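Engineer:
2 protein chains.
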Amino acid sequence: MEKAKPIGVFDSGIGGLTVVRKLSSTLPNENIVYFGDTARVPYGSKSNETVIEYSIQNTKFLIEKNVKAVVVACNTASSVAIPELRKRFSIPIIEMINPGATAALKATRNNKIGVIGTRATINNKAYSKEIKKFNENVEVFEVACPLFVPLAEEGWIDHKATYEIAEEYLKPFKEFGIDTLVLGCTHYPILAKVIQEVIGDDVMLIDSGVASSEIVRAEIDRIGLTTNSNTLGNQNFYVSDLPIKFKEIAELFLGREIKNVQKVDVEHLVSLG
Amino acid sequence: MEKAKPIGVFDSGIGGLTVVRKLSSTLPNENIVYFGDTARVPYGSKSNETVIEYSIQNTKFLIEKNVKAVVVACNTASSVAIPELRKRFSIPIIEMINPGATAALKATRNNKIGVIGTRATINNKAYSKEIKKFNENVEVFEVACPLFVPLAEEGWIDHKATYEIAEEYLKPFKEFGIDTLVLGCTHYPILAKVIQEVIGDDVMLIDSGVASSEIVRAEIDRIGLTTNSNTLGNQNFYVSDLPIKFKEIAELFLGREIKNVQKVDVEHLVSLG
């Protein structure tokens, strides 16, 4: 029965659905419980203290749902809350930064890696610290792209304005001459087409969601809790708010129809803190 | 002493600082207490239920600070929470929609009024309902502009991409032939230059913050609590989070240096609920 327990995934909102998309293609038989903190989104512009507090509440909520592991499908939370979460909880906590950093190190040929993310992720230098742990000679260039999240949520995935904004944000990387670019926010895979066109085909894009799904596979195997099931896993979605156009936007991110969505009261989350 | 009490102003974040800017130019001797709910911003993409709950908490917080009136400097909260706030609290509650609607009705010559705002404000048809209460023959055209808030907060007040996005959002108004456009979100005055250029000089822009400041003047006069002071009023600012670049962005909105900023715990707000 322990093996049938779901994998928990949380994010500040809907961005983590791009991670669920990759996770369910890597581990199609696993059950998944997703929590999106849509009442308190975005985390990327909030202080570290607040993000840690929310992350603890979200993890406790998933543990209430009896999960066997928790995926922090939010780069901002990954960049500030992981030590605190691992101190408090004994189940595996899988985050986005190390898998993305490791994948970038494998991909680079010229040792010049770019990272894009929210202000909080970039300000914390989460990726450059992680990359330099493994190789001090790699140069890491980090740029915050605050407008990419609202553009993705507006569904402007190939709008002229999206190209303009991408040109502006990505300009410094062309000077740096990077050959690898980490999409350091779970919203950004939605804009991958524009980003790839603007940065050029010579630059390899790294999706932390893909990289972290492999770590999830290894971690549940390590604790002996890989499912025995041969059928497609169930997926249940919880959100702290059901905003206008939620279904439409969520389906753009998840890549298919979203079902089994329930609302959770913020009071309940706060009471868990 | 009652007359020296401050006027309370709240918003989901920093947008309401454009209202404080107008309020302090209309009523320079009044003390002001501002609360920006930066830990839970934005309200514009959240459900009505959540916005009402947060608005009650924010009003209770300002009442703890001993205010004589509350300005709801947030169009989203104004469009959904006012009946509930007026039911629960006896001090004057001043909102954005009626003042903006009334100013637009005075300005229009051809009875074709445009309104721009967040998804929540537009979805609730807040402005068209209010305008039609006074004149059923006026045609009101409403368009949600979700990217204007992050653009204003990024400080891209005359960037090429901002013009592109404004062109896209404002296109329908040109077909409608409006002569008056309500800036139905307190962030939008920051982008007024771009909006005016794109929509054309023939269209009059209505800033609800200006219109509502006159209502505040009338309301505190009505209850006999206009200050006797002849010196410049104090201003105190409270926020539920102090995000990265807060000071820089807040000063763009307030139009001058921001001082006396204190952080309030979200737990405290929730406990007031």
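Same order as they appear, the protein sequences are chains A and B. According to my numbering, numbering within the first sequence proceeds without interruption in unit steps and concludes at 462. According to my numbering, numbering within the second sequence proceeds without interruption in unit steps and concludes at 462. We treat Cβ as the ideally placed atom computed from N, Cα and C, and that holds for glycine. All figures in this text were calculated on a predicted structure; none of them were measured in a lab.
Compute the Euclidean distance between the alpha carbons of N247(A) and S279(A), then round it to the nearest angstrom.
Structural biologist: C-alpha separation (whole angstroms): 15 Å.
Engineer: If we define contact as Cβ-Cβ less than 8 Å, is S244(B) a contact residue for chain A?
Structural biologist: It does not; no Cβ of chain A falls within 8 Å.
Engineer: In whole angstroms, give me the CA-to-CA distance for A355(B) and E386(B).
Structural biologist: 10 Å
Engineer: Note the first and the last residue of the continuous beta strand (DSSP E) segment covering A258(B).
Structural biologist: A258 to V261
Engineer: Have a look at the DSSP bridge pairing and note the partners of A333(A).
Structural biologist: G306(A)
Engineer: Just to confirm before moving on: does the CB-CB distance between K211(A) and G398(A) stay below 8 Å?
Structural biologist: yes
Engineer: Suppose the cutoff is 8 Å on Cβ atoms and the five residues either side in sequence are ignored; what does the same chain contact list for D454(B) look like?
Structural biologist: S429
Engineer: Applying a beta-carbon distance threshold of less than 8 Å, which residues of chain B neighbour P361(A)?
Structural biologist: Per Cβ cutoff of 8 Å: no residues; P361(A) is ~16 Å from chain B at best.
Engineer: With C-beta atoms as the reference, is E319(B) less than 8 Å away from N299(B)?
Structural biologist: no
Engineer: Using the beta-carbon of each residue, which ones in chain B are nearer than 7 Å to T239(A)?
Structural biologist: Correct list: A228 and D430.
Engineer: Please confirm whether A350(B) and A266(A) have their CB atoms less than 8 Å apart.
Structural biologist: For A350(B) and A266(A), no; Cβs fall outside 8 Å.
Engineer: On the three-state DSSP scale, how would you describe D368(B)?
Structural biologist: coil
Engineer: Run through chain B and tell me which residues come within less than 8 Å of K235(A), C-beta to C-beta.
Structural biologist: Those are T227, A228, D430 and P432, listed as they occur along chain B.
Engineer: Rounded to the nearest angstrom, what separates L441(A) and L431(A) at their Cα positions?
Structural biologist: 16 Å
Engineer: Cβ atoms of I346(A) and L380(A): under 8 Å apart, would you say?
Structural biologist: yes
Engineer: Using a threshold of 8 Å, state whether the C-beta atoms of G462(A) and N220(A) are closer than that.
Structural biologist: no
Engineer: Can you list the residues of chain B that I447(A) reaches, using a CB-CB cut of under 9 Å?
Structural biologist: Under the 9 Å cutoff, chain B gives no residues; its nearest Cβ is about 17 Å from I447(A).
Engineer: Using the rule of at least 16 other Cβ atoms within 10 Å of the residue's Cβ for burial, across every protein chain shown, is T416(B) buried or exposed?
Structural biologist: buried
Engineer: Give me the residue from M190(A), N264(A) and I203(A) with the minimum Cα distance to S401(A).
Structural biologist: When each option's Cα is compared against that of S401(A), the closest is N264(A).
Engineer: Would you kindly work out how many angstroms separate the C-alpha atoms of A539(A) and V230(A), rounded to a whole number?
Structural biologist: This structure cannot settle anything about residue 539(A), because the visible part of chain A is limited to 190 through 462.
Engineer: How big is the Cα-Cα spacing for H376(A) and K363(B)?
Structural biologist: Roughly 33 Å separates the two Cα atoms.
Engineer: So with Cβ pairs under 8 Å, would you call L441(B) a contact of chain A?
Structural biologist: no
Engineer: Determine the direct distance from the alpha carbon of F199(A) to that of G303(A), and round the result to whole angstroms.
Structural biologist: So the alpha carbons of these two residues sit roughly 26 Å apart.
Engineer: Return the first residue and the last residue of the beta strand (DSSP E) that F426(B) is part of.
Structural biologist: Q424 to V428
Engineer: Beta-carbon within less than 7 Å of K436(A)'s beta-carbon, same chain only, minus the 5 sequence neighbours each way: which residues are those?
Structural biologist: Non-local beta-carbon contacts of K436(A) in its own chain, meaning distances under 7 Å to residues more than five positions away in sequence, involve I447 in chain order.
Engineer: For my contact list, V338(B) and C374(B) are in at a C-beta cut-off of 8 Å; report their separation, rounded to the angstrom.
Structural biologist: For a cut-off of 8 Å, the C-beta gap from V338(B) to C374(B) is around 7 Å, short enough to register as a contact.
Engineer: Please report whether the beta-carbon of K349(B) lies at a distance below 8 Å from any beta-carbon of chain A.
Structural biologist: yes
Engineer: Looking at E403(B) and T215(B), is the spacing between their C-beta atoms short of 8 Å?
Structural biologist: yes
Engineer: Taking the C-alpha atoms as reference points, what is the distance between K358(A) and P335(A)?
Structural biologist: Strictly speaking, residue 358(A) in this sequence is Tyr, with Lys absent from that position. Distance between the alpha carbons of Y358(A) and P335(A) is about 9 Å.
Engineer: Shortest alpha-carbon distance to A296(B) belongs to which of G444(B), G205(B) and I367(B)?
Structural biologist: I367(B)
Engineer: Could you spell out the range, first to last residue, of the alpha helix (DSSP H) harbouring I196(A)?
Structural biologist: Element bounds for I196(A): not the alpha helix (DSSP H) but the beta strand (DSSP E), I196 to D200.
Engineer: Alpha carbons only, please: which of I245(A), L294(A), E253(A) and T291(A) is nearest the one belonging to R277(A)?
Structural biologist: I245(A)
Engineer: Do K321(A) and R308(B) have their C-beta atoms within less than 8 Å of each other?
Structural biologist: no
Engineer: Please confirm whether E403(B) has its beta-carbon closer than 8 Å to some beta-carbon of chain A.
Structural biologist: no
Engineer: Here's the rule: buried if 16 or more other CB atoms are within 10 angstroms of the residue's CB, otherwise exposed. What is D396(B)?
Structural biologist: Taking all protein chains shown into account, D396(B) has 16 or more neighbouring C-beta atoms within 10 Å of its C-beta and is therefore buried.
Engineer: Is it true that the CB of L274(A) sits closer than 8 Å to the CB of G197(A)?
Structural biologist: no
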